[in-house]
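Asker: What follows is a structure written as structure tokens; I'll ask about it next.
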């Protein structure tokens, strides 16, 4: 018997999914659904918007209002959905290439506006759908089909990028630390503003194989050993931080939310007329 | 009571859009379409609608598509280079059957061209700009009043056929000011997309009911949870790689427009009843052509003008009939010969075809048309 989460929130007739054995995307998708379930939000009030890539296929499997858009544009479509109907909880599912290469402009501007969207980036450090090309988050030196001699591009820290651009909730989780991932997605949905969650996931088929990272289990083991809770991370020396990364809530701040500001504008013009 | 205004073409576009029920506009600044964004920014919040200036042209159309899915009539406007940038998402709107209006106030190109000299060189981009096999609706008014009425019609057709509709304009009519009586236009009917007539558990988002042309469209948030995708999809909206599903869907998307030309196609015929010759012309240049017809008639040449208002799908039947009646058709357009190709295809040897075009950023004057045709006939 599948779990109630599956029967209640997935379009079960569309399963099995297209992801490879050992892929972490199912774990992130489940965490999103669990966060929505924990918050007891009606399925009719949730809109999932995704772009193009492995991660973005998640939208179709989920029993919400789902919008699978063009490559890189999920946040731009989501901005239209949210501004037109602010009652919807709009959650954006995207990948590292989708959100930070072709869609990088939309990411910084959605964060700048602080529009109430919750963005979950499935970061597997590679373009999986097209067969393993390097993305803006592929670590320097790592290999990919388009970096056969090692990647010379410096890579983005997406959480730092989102924070600098103005996101009011920024967190990172991994497909090992599932409870933390659920918790930060939940907090992201509750935050009235632009929330950014980097979900570090695993691609054993392309990224793992190209870089000799071992099996799917080995890759998850790596996340277990190197993802450090932010509270502990802050106390660590620079030397000890090498090779590790912080997880959990990283940043939050108060800023005015975009759709609320727009509604205030409409209301004030209405008063002027009256 | 009349309500007479002196209005610019771009202003009339916004006024018509609001009349049609537009309550969402997203776009990016580009001349010569910017007044459409500026006026939308001012008027929409006063009508309880929303305006947003997006970070780029692609986001401009993407946000409009997203807004339309929540049941709100949406528009974006642009010009040459921006129209190129929007093409991928026009295809998305076609595939996912999302009603929106895309205004393209044409300017000269290619690339940045001569900002912002007039041009009619996006005729073929409107037809074939997005990749893949598809049909498209593109309308092209020629006066301020007609911009108002045609913008309403663009919304009506986009709602009725669940498809992006392109409203072609040009720098000349976009910036031209003319008298318009809004009172006489206030009763123009508007058409809203058909909502589901079945409960959510019976709803198939992409199934066309008998006697309908398009699927009934639920808004996000109304309890009809369905999937929208740019991938080939089955009647539930879920992606499919099946060749039978693909064939059925793509043919339906093309045929919903091609099989309803009688409803979609509009045109103007001027002095064609006894004509030996005809000019085919549209938008601002049709106004020069009309003056040229009058002057050529004074010179004793029996000539008239056929003006497609629906550019795509083209008035195939009417142009074919015309070619059986006249000795020669002159296609007069502000480009190197784009609609000419469509007219040649339709006429298919039934009469002679001449062309007059221009690509130097200047308009075509009536005098130029008169000399060209006079010389051609008496040569």
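Chains as they are written, first to last, in this note's numbering: chain S, 4 to 277; chain D, 2 to 380. Even glycine gets a Cβ: it sits at the ideal position worked out from N, Cα and C. Since this is a predicted model, take the numbers as computed values, not measurements.
1) Where does the unbroken beta strand (DSSP E) through residue 116 of chain S begin, and where does it stop?
2) Rounding to the nearest angstrom, what Cα-Cα distance links residue 380 of chain D and residue 371 of chain D in this structure?
3) Would a check of beta-carbon distances place residue 243 of chain D closer than 8 Å to chain S?
4) Mind checking the stretch 141-170 of chain S against chain D and listing, in chain order, the residues whose C-beta falls within less than 9 Å of any C-beta there?
5) If we cut at 8 Å on Cβ distances, does residue 1 of chain S have a partner in chain D?
6) For residue 265 of chain S, return the contacting residues in chain D, with the cut-off set at a CB-CB distance below 7 Å.
7) On the DSSP letters alone, give me the boundaries of the beta strand (DSSP E) that residue 92 of chain S sits inside.
8) Are residue 279 of chain S and residue 192 of chain S touching if we call contact CB-CB under 8 Å?
9) Determine which residues share a DSSP beta bridge with residue 50 of chain S and list them.
10) Report yes if the C-beta distance between residue 99 of chain D and residue 66 of chain D is below 8 Å; otherwise report no.
11) In whole angstroms, what separates the C-alpha of residue 249 of chain D from that of residue 241 of chain D?
12) So, is residue 212 of chain S buried or exposed, given that buried needs 16 or more other C-beta atoms within 10 angstroms?
13) Could you give the DSSP three-state label for residue 67 of chain D: helix, strand or coil?
14) Near residue 59 of chain D, which residues of its chain fall below 8 Å by C-beta distance, leaving aside the five closest residues on each side in sequence?
15) Going straight from the alpha carbon of residue 179 of chain S to that of residue 265 of chain S, what length do you get?
16) Return yes when the C-beta of residue 129 of chain D is under 7 Å from any heavy atom of the ligand ZN, and no when it is not.
17) Which residues mark the beginning and the end of the beta strand (DSSP E) in which residue 268 of chain D is found?
18) Under 8 Å between the Cβ atoms of residue 262 of chain D and residue 314 of chain D?
19) Could you tell me which of D:134, D:323, D:260 and D:267 sits nearest to residue 273 of chain D, measuring between CA atoms?
20) For the beta strand (DSSP E) holding residue 138 of chain D, just list the boundary residues, first then last.
21) Would you say residue 46 of chain D faces chain S, with C-beta separation under 8 Å as the test?
22) Provide the residue span of the alpha helix (DSSP H) that contains residue 367 of chain D, from first to last.
23) If the cut-off is 8 Å on Cβ atoms, which residues from the stretch 38-53 of chain S count as contacting chain D, listed in chain order?
24) Can you name the start and end residues of the beta strand (DSSP E) that residue 238 of chain D belongs to?
25) So the candidates are D:233, D:336 and D:302; which of them puts its Cα closest to the Cα of residue 71 of chain S?
26) Rounded to whole angstroms, what's the CA-CA distance from residue 225 of chain S to residue 202 of chain S? Just pull it up for me.
27) Should residue 281 of chain D go down as buried or exposed, given a rule of 16 or more other Cβ atoms within 10 Å for buried?
28) By the 7 Å beta-carbon criterion, what residues does the stretch 20-44 of chain D contribute toward chain S?
29) Would you kindly work out how many angstroms separate the C-alpha atoms of residue 351 of chain D and residue 333 of chain D, rounded to a whole number?
30) Measuring CB to CB, does residue 369 of chain D end up less than 8 Å from residue 300 of chain D?
31) For the beta strand (DSSP E) containing residue 230 of chain D, name the first residue and the last one.
32) Apart from the five residues on each side of it in sequence, which residues of its chain come closer than 7 Å, Cβ to Cβ, to residue 1 of chain D?
33) In or out: residue 243 of chain D buried (at least 16 other Cβ within 10 Å) or exposed?
34) Following the continuous beta strand (DSSP E) through residue 107 of chain D, name the residue where it begins and the one where it ends.
35) Tell me which same chain residues have a C-beta within less than 7 Å of the C-beta of residue 44 of chain S, skipping the five on either side of it?
36) Given that residue 67 of chain S touches chain D, what residues does it touch there, using C-beta distances under 7 Å?
Answerer: Taking the definition as stated:
1) For the purposes of this step, residue 116 of chain S is taken as residue 113 along the first chain, with counting starting at 1. Run containing residue 116 of chain S: none in the beta strand (DSSP E); it sits in the alpha helix (DSSP H), 107-116.
2) On the second chain, residue 380 of chain D is found 379 positions in, with the first residue counted as 1. On the second chain, residue 371 of chain D is found 370 positions in, with the first residue counted as 1. Rounded to whole angstroms, residue 380 of chain D to residue 371 of chain D spans 14 Å at the Cα level.
3) Here residue 243 of chain D refers to the residue found at position 242 when the second chain is read from its first residue. So no, residue 243 of chain D is outside the interface.
4) none
5) Outside the shown range of chain S, which is 4 to 277, sits residue 1 of chain S, and nothing can be said about it.
6) For the purposes of this step, residue 265 of chain S is taken as residue 262 along the first chain, with counting starting at 1. Within 7 Å Cβ-Cβ: 51.
7) One-based indexing of the first chain puts residue 92 of chain S at position 89. Per DSSP, residue 92 of chain S belongs to the beta strand (DSSP E) from 92-98.
8) With chain S running from 4 to 277 in the structure shown, residue 279 of chain S is simply not present.
9) Start at 1 with the first residue of the first chain, and residue 50 of chain S comes out as number 47. S:68 and S:93, per the DSSP bridge assignment.
10) Along the second chain, read from residue 1 onward, the residue named residue 99 of chain D stands at position 98. Along the second chain, read from residue 1 onward, the residue named residue 66 of chain D stands at position 65. Cβ distance < 8 Å, so residue 99 of chain D and residue 66 of chain D count as in contact.
11) Taking the second chain and counting its residues from 1, the one referred to as residue 249 of chain D is at position 248. Taking the second chain and counting its residues from 1, the one referred to as residue 241 of chain D is at position 240. Cα-Cα distance, rounded: 12 Å.
12) As a working mapping, residue 212 of chain S is identified with position 209 in the first chain. Classification for residue 212 of chain S: exposed.
13) Here residue 67 of chain D is taken as the residue at index 66 of the second chain, counted from 1. Reduced to three states, the DSSP call for residue 67 of chain D is helix.
14) The count along the second chain starts at 1 and reaches residue 59 of chain D at position 58. Answer for residue 59 of chain D: 86, 87, 89 and 90, listed in chain order.
15) Position 176 of the first chain, counting from 1, holds the residue named residue 179 of chain S. Position 262 of the first chain, counting from 1, holds the residue named residue 265 of chain S. Taking the straight line joining both Cα atoms gives about 40 Å.
16) Summarising the ligand content, the structure contains no ligands, and the ligand ZN is consequently not present.
17) Here residue 268 of chain D refers to the residue found at position 267 when the second chain is read from its first residue. Where residue 268 of chain D is concerned, the enclosing beta strand (DSSP E) stretches over 268-271.
18) As a working note, residue 262 of chain D is residue 261 in the second chain. As a working note, residue 314 of chain D is residue 313 in the second chain. Their beta carbons are under 8 Å apart, which means residue 262 of chain D touches residue 314 of chain D by this criterion.
19) In the second chain, the residue the question calls residue 273 of chain D occupies position 272. Of the listed residues, the one whose Cα sits closest to residue 273 of chain D is D:323.
20) Here residue 138 of chain D refers to the residue found at position 137 of the second chain. Here the beta strand (DSSP E) through residue 138 of chain D covers 138-140.
21) Here residue 46 of chain D refers to the residue found at position 45 of the second chain. Residue 46 of chain D counts as touching chain S.
22) On the second chain, position 366 is the one that residue 367 of chain D refers to. Residues 367-379.
23) 46, 47, 48, 50 and 52
24) Counting from one through the second chain, the residue named residue 238 of chain D turns up at place 237. Careful: residue 238 of chain D lies outside any beta strand (DSSP E) and carries neither H nor E.
25) On the first chain, position 68 is the one that residue 71 of chain S refers to. The option with the nearest alpha carbon to residue 71 of chain S is D:233.
26) Start at 1 with the first residue of the first chain, and residue 225 of chain S comes out as number 222. Start at 1 with the first residue of the first chain, and residue 202 of chain S comes out as number 199. Approximately 15 Å between the Cα atoms of the pair.
27) For the purposes of this step, residue 281 of chain D is taken as residue 280 along the second chain, with counting starting at 1. Classification of residue 281 of chain D: buried, given that the 10 Å Cβ count is 16 or more.
28) 25 and 27
29) In the second chain, residue 351 of chain D corresponds to position 350, counting from 1. In the second chain, residue 333 of chain D corresponds to position 332, counting from 1. Roughly 19 Å between the two C-alpha positions.
30) In the second chain, counting from the first residue as 1, residue 369 of chain D sits at position 368. In the second chain, counting from the first residue as 1, residue 300 of chain D sits at position 299. Result no, Cβ atoms of residue 369 of chain D and residue 300 of chain D do not sit closer than 8 Å.
31) Taking the first residue of the second chain as position 1, residue 230 of chain D is located at position 229. Note, residue 230 of chain D: beta strand (DSSP E), 228-230.
32) Past the edges of chain D, shown from 2 to 380, lies residue 1 of chain D, and the structure says nothing about it.
33) Against the second chain, residue 243 of chain D aligns to sequence position 242. Its Cβ having fewer than 16 others within 10 Å, residue 243 of chain D is exposed.
34) As a first step, residue 107 of chain D is located in the second chain; it is residue number 106 there, counting from the start. Taken as a continuous stretch (DSSP letters only), the beta strand (DSSP E) holding residue 107 of chain D covers 101-107.
35) Counting from 1 along the first chain, the entry for residue 44 of chain S is found at position 41. Cβ neighbours of residue 44 of chain S beyond the five flanking positions: 92.
36) For this step, residue 67 of chain S is matched to residue 64 along the first chain. Within chain D, the residues near residue 67 of chain S are 226.
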